[in-house]
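Those letters in the sequence shown? Residues 1 to 320, per the numbering used here, in order. C-beta atoms are modelled at their ideal positions from N, C-alpha and C, and glycine is treated no differently. Since the structure comes first, as structure tokens, the remarks are kept for the end.
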Amino acid sequence: MADRGIVAVFGSMNMDLSVACERMPRAGETVGGSGFITNAGGKGANQAVAAARMGARTCMIGAVGRDTFGDALVAGLQDAGVGVEFVALRDDVETGTATIIRCEGDNRIVLSPGANHALAGADVACALRRLVAHELDGDTSEIAPAAGSVFIAQGECDLAATAEALVCARELGFYTVFNPAPACELPAEVWPAVDLVCPNETECQVLTGILPTDDVSCVAALNALLDKGAGAAVITLGGAGSVTLGDGGELLRMPALSSTVVDTTAAGDTFIGALAAARLGGLPLFECMAAGARASAVTVSRLGAQQSIPTRAEVEHWFG
Numbered sequence: 001m002a003d004r005g006i007v008a009v010f011g012s013m014n015m016d017l018s019v020a021c022e023r024m025p026r027a028g029e030t031v032g033g034s035g036f037i038t039n040a041g042g043k044g045a046n047q048a049v050a051a052a053r054m055g056a057r058t059c060m061i062g063a064v065g066r067d068t069f070g071d072a073l074v075a076g077l078q079d080a081g082v083g084v085e086f087v088a089l090r091d092d093v094e095t096g097t098a099t100i101i102r103c104e105g106d107n108r109i110v111l112s113p114g115a116n117h118a119l120a121g122a123d124v125a126c127a128l129r130r131l132v133a134h135e136l137d138g139d140t141s142e143i144a145p146a147a148g149s150v151f152i153a154q155g156e157c158d159l160a161a162t163a164e165a166l167v168c169a170r171e172l173g174f175y176t177v178f179n180p181a182p183a184c185e186l187p188a189e190v191w192p193a194v195d196l197v198c199p200n201e202t203e204c205q206v207l208t209g210i211l212p213t214d215d216v217s218c219v220a221a222l223n224a225l226l227d228k229g230a231g232a233a234v235i236t237l238g239g240a241g242s243v244t245l246g247d248g249g250e251l252l253r254m255p256a257l258s259s260t261v262v263d264t265t266a267a268g269d270t271f272i273g274a275l276a277a278a279r280l281g282g283l284p285l286f287e288c289m290a291a292g293a294r295a296s297a298v299t300v301s302r303l304g305a306q307q308s309i310p311t312r313a314e315v316e317h318w319f320g
């Protein structure tokens, strides 16, 4: 299966409702806004779209309500080339939403999870086994490891389901990527099933108690993440790029690439999706981080979530 690898994403699917304002409202205050948009989002769906647009064969595992937002989200994934066979349509719960306030290039988000908490770990494990079996042309007599494939999970779905999914994916042979966003702690016994953990600086502080602001604190934070049992760690630092540790424990910095910042909504998700696509291509971790930096630099120059995520051709054109 190594030559037919796939990026499988278990995660959230949200309809983003976004509005801009000159400053954030205070408690009880109403301020004027402009530029209202609706846009397909959710960290899981964003990461799946990013991987697919980077050229990776990608499959989404998730759930939406049987409503207008859900229909639009599924259609958007299909348009981006993401497989939706394992996206459940639920009658008992509404599609998840994210209400986003944009202000001076920054954003604040309120999530209503809806169907994103509808799937149990057993549902995701079943989807992963079916996916691997399908990759073997339907021969389920002996399900081979998903060698070369990548599994991504985040923190916007049920945490117990996410933990079970990571363990199952690791057992099936996927390279597992955990993006603890929003910040969430896995059970101790699950961490060894995480090949790569990738938080941003604030999520890292919640998980480790260390805010990575300089070389010393970055090294300490990365080591603290590894001490949990993860195989590798990358911390994204916004405009300061991203960091990881080399084979000798030395700090490796990937700088952010120059870009005019319009909207940071999907920057981190683009980074992870592009990183996963590069991993699928067999690149080492630091080069995967470079792929993520290039793609996210294009994303932040555009407005919106999924609509801002570039294709591989657009990234190559942008950087020559």
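C-alpha gap between residue i and residue j, whole angstroms
| i | j | result |
| --- | --- | --- |
| ALA278 | LEU128 | 21 angstroms |
| ALA115 | ASP92 | 8 angstroms |
| VAL197 | THR208 | 12 angstroms |
| GLY32 | GLY105 | 17 angstroms |
| VAL110 | ARG253 | 31 angstroms |
| GLY55 | GLY83 | 13 angstroms |
| VAL327 | VAL315 | Within the shown structure, residues of the chain are numbered from 1 to 320, placing residue 327 beyond reach of any answer. |
| LYS228 | SER34 | 44 angstroms |
| GLY121 | PRO212 | 32 angstroms |
| VAL49 | GLY81 | 8 angstroms |
| ARG170 | VAL219 | 26 angstroms |
| SER141 | ALA52 | With a pLDDT of 46 at SER141, under the threshold of 50, the modelled position of this residue cannot be trusted, and the question is left open. |
| GLY304 | CYS204 | 25 angstroms |
| ALA163 | PRO187 | 8 angstroms |
| GLY155 | LEU89 | 21 angstroms |
| LEU283 | ALA233 | 16 angstroms |
| LEU257 | ARG23 | 27 angstroms |
| ILE322 | THR202 | Since the first residue of the chain shown is 1 and the last is 320, residue 322 is not available in this structure. |
| PHE178 | THR95 | 23 angstroms |
| ALA276 | THR270 | 10 angstroms |
| GLY281 | THR30 | 49 angstroms |
| THR265 | LEU237 | 14 angstroms |
| THR176 | VAL150 | 6 angstroms |
| ASN200 | VAL7 | 21 angstroms |
| GLY246 | LEU225 | 14 angstroms |
| GLU130 | GLY28 | One point to set straight first is that residue 130 is Arg, not Glu, in the sequence displayed. Looking at the two C-alpha atoms, the distance is approximately 50 angstroms. |
| CYS21 | ASN107 | 10 angstroms |
| GLY148 | PRO25 | 47 angstroms |
Span of the alpha helix (DSSP H) around residue i
| i | result |
| --- | --- |
| ARG312 | 312–319 |
| ILE272 | 267–280 |
| GLU203 | 201–208 |
| SER296 | 285–299 |
| VAL74 | 68–79 |
| ALA161 | 159–172 |
| GLY44 | 43–53 |
Rounded Cβ spacing between residue i and residue j (contact assumed at less than 8 angstroms)
| i | j | result |
| --- | --- | --- |
| ARG302 | VAL262 | 6 angstroms |
| VAL194 | LEU166 | 6 angstroms |
| ASN46 | GLN307 | Going by Cβ atoms, the distance from ASN46 to GLN307 rounds to 10 angstroms, so no, they are not a contact pair. |
| ASP10 | GLY62 | The sequence given here has Phe at residue 10, not Asp. Rounded, the Cβ-Cβ distance is 7 angstroms, consistent with contact. |
| ALA221 | TRP191 | With 8 angstroms as the limit, ALA221 and TRP191 do not qualify as a contact, their Cβ atoms being about 15 angstroms apart. |
| PHE174 | ALA153 | Not a contact, Cβ separation roughly 10 angstroms. |
| VAL19 | MET60 | Going by Cβ atoms, the distance from VAL19 to MET60 rounds to 27 angstroms, so no, they are not a contact pair. |
| ALA125 | CYS184 | Contact flag wrong, Cβ pair sits at about 19 angstroms. |
Chain D within 8 angstroms of residue i, Cβ atoms only
| i | result |
| --- | --- |
| ASP79 | Looking at the structure shown, chain D is missing, and only one protein chain is on hand. |
Buried or exposed by the 16-neighbour rule on C-beta atoms within 10 Å, applied to residue i
| i | result |
| --- | --- |
| VAL216 | exposed |
| GLY138 | With a pLDDT of only 49 at GLY138, under 50, the local geometry of the prediction cannot be trusted, and the value read off the model is given with reservation. Counting Cβ neighbours within 10 Å, GLY138 comes out exposed, since fewer than 16 surround it. |
| ALA274 | buried |
| PRO310 | buried |
| ARG102 | buried |
| THR260 | exposed |
| PRO180 | buried |
| THR68 | exposed |
| PRO113 | buried |
| ASP123 | buried |
| PHE319 | exposed |
| GLY248 | exposed |
| ALA297 | buried |
| ALA267 | buried |
Limits of the beta strand (DSSP E) - the one that residue i falls within
| i | result |
| --- | --- |
| ALA221 | Per DSSP, ALA221 belongs to no beta strand (DSSP E); it is in the alpha helix (DSSP H), 215–227. |
| MET13 | From DSSP, MET13 is part of no beta strand (DSSP E); its letter is neither H nor E. |
| GLN307 | Run containing GLN307: none; DSSP gives neither H nor E here. |
| GLY114 | Run containing GLY114: none; DSSP gives neither H nor E here. |
| GLU29 | No beta strand (DSSP E) contains GLU29, which DSSP labels as neither H nor E. |
| ARG102 | 96–103 |
| ALA63 | 58–65 |
Proximity test, residue i beta-carbon vs the ligand HEM heavy atom, cut-off 7 angstroms
| i | result |
| --- | --- |
| ALA56 | Among the components modelled here there is no ligand, and therefore nothing to report on the ligand HEM. |
Using 8 angstroms as the cut-off, can you tell me whether the region 10–19 makes contact with the region 27–47, which would need three or more C-beta pairs spanning the two stretches below that distance? yes
Counting pairs of beta carbons, one from the region 74–84 and one from the region 237–244, are three or more of them closer than 8 angstroms? no
For the region 152–159 and the region 283–292, state whether three or more C-beta atom pairs, one from each stretch, are separated by less than 8 angstroms. no
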